[in-house]
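A short worksheet on the structure shown next.
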Amino acid sequence: MIRSLSTLTFSALIGALFLGALCLIAGESPVRVVEIVIQNSMLNQEDLAVTLFYSTHLMFAATGLCLAMHAGLFPIGAEGQISISCLATTVVGLLMGPSPFGIFLALLAGPLTAAGLGAVTAYFKVKKSSHEVIVTMMLNFLSASVANYLVSHFFQSSESQNPETGTLAPAFKLFSPLFSLANTPANSSFYLAIAVCFLGWFVLSRTRWGYEIRAVGLNHSVAAHSGISRARVITTVLIVSAALAGLSSFNQILGYNLKYQVGFSADYGFLAIVVALMASRNPLFVIPASFFFAILMKGSAELDIDTDTITRDFVKIIEGFLILAFVLAQKIDLKSLFSRKRIDDESSRA
Amino acid sequence: MSLHGLEEYLPSLVQFCLSVLRISLPLSLAAIAGFWSERSGTPQVGLEGFLLLGALAGATLVKLTDSMPMGFALTLMIGAAGGMLFYWLACRIAINAILVGLIFNLLIAGIAPFITKLIFGSTGSTPTLDPALRWQFFPYLWAAGILIVSLILFHRTGFGLLVKFAGLKPEVISSAGFSLSTVQMCSLILCGVISTSGGFILSTYLASCYSPMMSAGRGFMALAALIFARWDLPRTFAMAIAFGFFEAAQIYLQSVNSPLPSQFYQALPYLMTLVVLGLRRQGLSEMA
């Protein structure tokens with residue numbers, strides 16, 4: 010714990026130095042950039058609502074990723090799982106109508122379809138020993154195409170010019186808004202996300218399954234000797250982590266939009282990887298890390314307008330540098346930098 | 137079909153074949169680049185970033201130097217530097233190579249608008265290049281040359297043998313008195329140079345400026361081609377051409393009214409890759 014906190018501080022410092030230098034190169038004051046980001050993400054209710062909404066998405070997906078990463082896996086499929094689960098929720102809702110049964114099915118549809126994608130990943134990983142990164146990457150592209158196809162050919166809203174489905178009945182709004190202002194996206198699934206983080210921590214550190222996950226991740230041959238089936242652990246953890254990413258449909262569809270818009274996701278699934286890494290795979294740290302990245306996402310959107318040279322893509326640079334700094338801080342010890350000896354990769358810890 | 141009908145179709149057929157070749161240039165170069173990296177034992181998911189890097193550097197440098205060969209040479213050097221950086225992070229510091237690839241993609245996508253804004257004052261794209269500068273047929277020669285050189289280098293030289301061993305049994309290399317690091321470094325520099333040249337062709341030959349995210353998943357498609365062809369160079373190249381064919385067909389069919397939706401052609405490379413991964417027996421190769 011102490012060690013991971015100190016690497017976190019160290020890497021945040023390196024990252025901040027890098028980024029400050031970059032701002033100076035661009036001729037902007039770093040202090041002003043920070044000011045703009047904070048001003049536009051937290052200081053009034055409307056902005057704060059968007060920030061909380063983003064962080065809800067990140068918490069769901071990142072908690073799932075923490076579980077998978079503890080098992081030594083590095084799935085990057087959350088992006089596809091999020092969009093497919095949101096689409097499934099909307100489609101089930103549209104087809105079943107606002108009966109109690111329909112609402113119940115819509116609630117289940119998101120996590121279940123995402124879990125299905127997780128099961129596909131697990132099949133390839135366990136039965137075909139394919140690398141989960143490749144499989145989930147392909148599944149991400151496939152999900153995007155399938156979602157585009159379904160929306161444009163079957164569910165396109167006749168009232169809208171944008172590629173999106175029709176709107177669900179108001180009865181589907183199961184998660185009430187957090188703020189009384191009209192149309193703010195933050196909703197009560199935020200609390201669910203925080204609960205999921207705590208639950209994730211509890212499962213990982215206090216249950217038998219969590220122990221098995223960590224055992225497989227640390228040393229799977231030892232785990233096998235103590236009677237833990239690697240295949241079973243990998244399968245279950247991939248399915249559960251996908252289902253958690255699928256909970257995003259609560260936030261996006263049942264809590265806010267009530268319709269599926271093509272391309273609604275602002276790379277939540279990929280950002281969640283960064284969040285999980287920064288949280289050093291601890292679901293409890295996911296809560297502040299998600300909030301931090303949500304602030305970056307929301308705040309940097311205004312950088313285009315308020316500065317001359319820094320664009321909203323700056324957040325991508327920030328993410329990139331932060332992961333890099335973080336992984337470097339974990340890996341580098343200065344002696345090895347100058348020696349000719351290769352360091353053995355500690356399996357897939359990074 | 138009568139001969140007369142064929143004559144009528146011939147010019148458009150030739151045109152179509154040419155456009156297939158044209159479209160598959162960046163893709164096939166990226167696939168060859170990925171081949172060098174993966175055969176030397178470094179999983180390569182950063183091809184998308186390398187392509188973007190080449191596209192950005194190419195459009196920017198050609199604009200600044202006003203000369204195609206000059207811009208090309210500088211871009212290749214940047215590509216080599218990118219390959220070196222990748223080697224340093226993935227092999228020297230031993231960060232998980234897949235993570236390095238993802239960081240690469242993220243950083244380059246983020247830095248690109250920053251650079252265009254700094255140099256040209258525009259968010260995202262670079263200014264259009266002078267059409268007089270555009271190459272006529274050099275890109276085809278370059279791609280063919282890279283393919284032939286890669287084939288010879290890999291199958292007929294000691295270096296190729298070392299790369300093969302670096303991927304399959306790295307411990308053999310040091311037992312035989314060679315340096316694994318050097319082999320990996322050379323392969324990754326090759327990977328960087330070849331893939332950025334693909335990006336260069338993308339922004340200066342297929343288009344006439346850099347626009348955001350113009351690689352449009354080609355790096356991942358190249359990876360898909362590589363896996364589909366089971367890391368065999370001629371087959372990989374053929375797959376890249378085939379994916380180029382689907383892309384060209386998709387553009388062509390959109391104007392005609394095709395029975396299959398355009399999304400099908402977009403998804404095809406990824407679907408095929410999954411099918412291949414699903415068909416193979418367990419534990420054939422740990423590479424993907």
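Chains as they are written, first to last, in my numbering: chain A, 10 to 359; chain B, 137 to 424.
Where a beta carbon is used, it is the ideal one built from N, C-alpha and C, also for glycine.
For residue i, which of the options has the nearest alpha-carbon?
{"i": "A:F83", "options": "A:N192, A:Q170, A:I296 and A:I143", "result": "A:I143"}
{"i": "B:A166", "options": "B:F295, B:L410 and B:V329", "result": "B:V329"}
{"i": "A:F62", "options": "A:L201, A:A128 and A:A30", "result": "A:L201"}
{"i": "A:V271", "options": "A:G209, A:S161, A:P297 and A:G226", "result": "A:S161"}
{"i": "A:G73", "options": "A:V295, A:V324 and A:I314", "result": "A:V295"}
{"i": "B:F336", "options": "B:R175, B:Q180 and B:L212", "result": "B:L212"}
{"i": "B:E383", "options": "B:V198, B:L183 and B:L163", "result": "B:L163"}
{"i": "B:P397", "options": "A:I45, A:A156 and A:V42", "result": "A:A156"}
{"i": "B:T201", "options": "B:P275, B:I244 and B:D266", "result": "B:D266"}
{"i": "B:L289", "options": "B:C227, B:L326 and B:G260", "result": "B:L326"}
{"i": "B:L221", "options": "B:F250, B:M321, B:A280 and B:I309", "result": "B:M321"}
{"i": "A:F199", "options": "A:K325, A:L256, A:G86 and A:A178", "result": "A:L256"}
{"i": "A:L52", "options": "A:S214, A:L148, A:F335 and A:I304", "result": "A:I304"}
{"i": "A:S139", "options": "B:R366, B:F379 and B:F400", "result": "B:R366"}
{"i": "B:L369", "options": "B:L243, B:G296 and B:A343", "result": "B:G296"}
{"i": "A:L183", "options": "A:N266, A:F27, A:E37 and A:F330", "result": "A:N266"}
{"i": "A:V42", "options": "A:V225, A:G209, A:V249 and A:V324", "result": "A:V324"}
{"i": "A:G175", "options": "A:A334, A:K134 and A:L96", "result": "A:L96"}
With a 10 Å radius around its C-beta and 16 neighbouring C-beta atoms as the bar for buried, classify residue i as buried or exposed.
{"i": "A:G264", "result": "buried"}
{"i": "A:E328", "result": "buried"}
{"i": "B:M137", "result": "Note that B:M137 has pLDDT 42, beneath the 50 cutoff, so the model's placement of it is unreliable and the number below is only indicative. Label assigned to B:M137: exposed."}
{"i": "B:C153", "result": "exposed"}
{"i": "A:A359", "result": "Here the model assigns A:A359 a pLDDT of 38, short of 50, so the residue's position is not dependable and the matter cannot be decided."}
{"i": "B:E422", "result": "In this predicted model, B:E422 has a pLDDT of only 41, less than 50, meaning its place in the structure is not dependable enough to derive any value."}
{"i": "B:Y406", "result": "buried"}
{"i": "A:R349", "result": "Here A:R349 scores only 48 on pLDDT, less than 50, and its place in the model is too uncertain to base an answer on."}
{"i": "B:P507", "result": "Since the first residue of chain B shown is 137 and the last is 424, residue 507 of chain B is not available in this structure."}
{"i": "A:F207", "result": "exposed"}
{"i": "B:Q402", "result": "buried"}
{"i": "A:K137", "result": "buried"}
{"i": "A:A118", "result": "buried"}
{"i": "B:T178", "result": "buried"}
{"i": "B:V198", "result": "buried"}
{"i": "A:F347", "result": "Because A:F347 sits at a pLDDT of 45, beneath the cut-off of 50, its placement in the model cannot be relied upon, and the point is left open."}
{"i": "A:T245", "result": "buried"}
{"i": "B:S311", "result": "exposed"}
{"i": "B:A424", "result": "At B:A424 the pLDDT is 39, less than 50, meaning the model places this residue with poor confidence; the figure from the coordinates comes in the next sentence. Flag for B:A424 reads buried."}
{"i": "A:N192", "result": "exposed"}
{"i": "A:E168", "result": "exposed"}
{"i": "B:L161", "result": "buried"}
Is residue j closer than 7 Å to residue i when the C-beta atoms are compared?
{"i": "A:A338", "j": "A:F19", "result": "yes"}
{"i": "A:A58", "j": "A:A195", "result": "yes"}
{"i": "A:I326", "j": "B:I255", "result": "no"}
{"i": "A:G102", "j": "A:A115", "result": "yes"}
{"i": "B:V156", "j": "B:F381", "result": "yes"}
{"i": "B:S351", "j": "B:A169", "result": "no"}
{"i": "B:V308", "j": "B:F314", "result": "no"}
{"i": "A:S197", "j": "A:S94", "result": "no"}
{"i": "A:V242", "j": "A:I262", "result": "no"}
{"i": "B:A191", "j": "B:L338", "result": "yes"}
{"i": "B:L238", "j": "B:I231", "result": "no"}
{"i": "B:R354", "j": "B:L188", "result": "no"}
{"i": "A:P39", "j": "A:G24", "result": "no"}
{"i": "A:Y277", "j": "A:I85", "result": "no"}
{"i": "A:A213", "j": "A:T130", "result": "Ala is not the amino acid found at residue 213 of chain A; the sequence shown has Leu there. No, these two residues do not count as a Cβ contact at 7 Å."}
{"i": "A:E88", "j": "A:N171", "result": "no"}
{"i": "B:S323", "j": "B:V299", "result": "yes"}
**Study point:** Three CB pairs or more closer than 8 Å across the region 74 to 93 of chain A and the region 279 to 286 of chain A
**Key:** yes
Practice item. Name, going along the chain, the residues of the region 329 to 347 of chain B whose beta-carbon falls closer than 8 Å to a beta-carbon of chain A. Key: none
Review point. For the region 169 to 200 of chain A, which residues have a beta carbon sitting closer than 7 Å to at least one beta carbon of chain B?
Key: If you check each beta-carbon in the region 169 to 200 of chain A against every beta-carbon of chain B, none falls closer than 7 Å.
Practice item. Can you give me, in chain order, the residues of the region 320 to 338 of chain A that have a beta carbon less than 9 Å from any beta carbon in chain B? Key: Listed by position along the chain: T320, R321, D322, F323, V324, K325, I326, I327, E328, G329, F330, I332, L333, V336 and L337.
Check your understanding: When the Cβ atoms of the region 315 to 335 of chain A are set against those of the region 52 to 70 of chain A, are three or more pairs found closer than 8 Å?
Key -> no
Review point. Along the region 234 to 249 of chain B, what residues have a CB closer than 8 Å to any CB found in chain A?
Key: I234, L235, L238, I239, L242, L243, A245, G246, I247, A248 and P249
**Study point:** Stretch-stretch touch, CB-based, cutoff 8 Å, three pairs: the region 352 to 371 of chain B with the region 140 to 154 of chain A
**Key:** yes
Check your understanding: Of all the residues that make up the region 32 to 49 of chain A, which are near chain B by a beta-carbon distance shorter than 7 Å?
Key -> A35
Practice item. Closer than 7 Å, Cβ to Cβ, to anything on chain A: give me those residues from the region 250 to 279 of chain B, in chain order. Key: F250, K253, L254 and T259
**Study point:** chain A contacts made by the region 146 to 164 of chain B, where a contact means CB separation under 9 Å
**Key:** Residues: none.
Review point. Taking contact to mean at least 3 C-beta pairs separated by less than 8 Å, is the region 213 to 222 of chain A in contact with the region 295 to 315 of chain A?
Key: Between the region 213 to 222 of chain A and the region 295 to 315 of chain A there are fewer than three inter-stretch CB-CB distances shorter than 8 Å, so the stretches are not counted as touching.
Exercise for review: Check each residue of the region 354 to 367 of chain B: if its Cβ is closer than 8 Å to any Cβ of chain A, include it; give the result in chain order.
Suggested key: F356, L359, A360 and I363
Point to revise | Residues of the region 403 to 417 of chain B with Cβ closer than 7 Å to any Cβ of chain A, in chain order | key: A403, Y406, L407, T409, L410, L413, G414 and R416
Exercise for review: Select from the region 166 to 190 of chain B all residues with a C-beta closer than 8 Å to any C-beta belonging to chain A, and list them in chain order.
Suggested key: P179 and V181
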